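Enquirer:
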Amino acid sequence: MPHTPQQLFLVVTAILVAFLILRVGIGTLRSISGGGADLSKPEVEDVESLDVFLVCGECGTEFRVTRLGELQIPRHCGEPMQIVRRPSVV
């Protein structure tokens, strides 16, 4: 039994719609998963001359910051440390 032009048009349209749905679904999943996120590490910056310290507000422990990469404030005594900049003592 030969296929009519209407049946051929329906089959081609169904294939195109299925392909479009697949592409939109994959694009949505990629955007949600963060597939395009920049995973490169930031450059390390020398800040020794700026006299920057991380100070614990609970016990007074201090860390001198000499190089910065990706800034993540450490926790000491369970609390985040404070960033303090002091003038240089010569």
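Going by the numbering used here, the sequence shown opens with residue 1, and the numbers climb by one from there. We treat Cβ as the ideally placed atom computed from N, Cα and C, and that holds for glycine. Model, not experiment: these values are computed from the prediction.
(1) Leaving out the 5 sequence neighbours to the left and right, which residues in its chain are closer than 6 Å to Cys-59 when beta-carbon positions are compared?
(2) Just how far apart, CA to CA, sit Gln-82 and Asp-51?
(3) Can you tell me where the alpha helix (DSSP H) with Gln-7 in it begins and where it stops?
(4) Which residues share a DSSP beta bridge with Pro-80?
Expert: Looking at the atomic coordinates:
(1) Position 59 of the sequence shown, counted from the first residue, corresponds to residue 59. The residues are Cys-77.
(2) Mapped onto the sequence shown, residue 82 falls at position 82. Mapped onto the sequence shown, residue 51 falls at position 51. Looking at the two C-alpha atoms, the distance is approximately 14 Å.
(3) In the sequence shown, the residue the question calls residue 7 occupies position 7. For Gln-7, the uninterrupted alpha helix (DSSP H) segment begins and ends at 5 to 33.
(4) Numbered from its first residue, the sequence shown carries residue 80 at position 80. Arg-75.
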